[in-house]
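Chemist:
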């Protein structure tokens, strides 16, 4: 059984027991999370919503929050003596999917 959910502007395919990293939600560890924007559910038979499946909810539990590895953005324009180096670290919330209903 799996579901496709929409969270933080992205779509994720999740199953029970999966651990997914979402954009920072600002929640405490062990907090319960509900995703009500469920695009599709497959429990032997695929149900696709228009745009969301009515009554479908994906529940999860926050494991922790943290920061990813640094991503380096380096731009160089050849023969122009023009270089740009920037980087950032994405904040994330790690969630364990507990139930698809």
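In my numbering, the protein residues as written are 71 to 171.
All C-beta atoms in this analysis are idealised placements derived from N, C-alpha and C, irrespective of residue type, glycine included.
Because the structure is a prediction, the values reported are computed rather than measured.
Which residue from 160, 148, 124 puts its Cα closest to that of residue 140?
Modeler: Looking at the Cα atoms, 160 is the closest of the given residues.
Chemist: Secondary structure at residue 157, three-state DSSP: helix, strand or coil?
Modeler: In the structure shown, residue 157 sits in a strand (DSSP, three-state: E or B).
Chemist: Could you tell me which whole beta strand (DSSP E) segments of length 3 or greater appear in the region 100 to 141?
Modeler: Qualifying beta strand (DSSP E) stretches, in chain order: 102 to 105, 108 to 112, 116 to 118, 128 to 137.
Chemist: Quick one: what's got a C-beta closer than 6 Å to residue 142's C-beta in the same chain, skipping five residues either side?
Modeler: For residue 142, where only same-chain residues beyond five positions count, the Cβ hits under 6 Å are 157.
Chemist: When the Cα of residue 77 is compared with those of 97, 100, 105, which residue comes out closest?
Modeler: Comparing Cα-Cα distances from residue 77 to each of 97, 100, 105, the minimum goes to 105.
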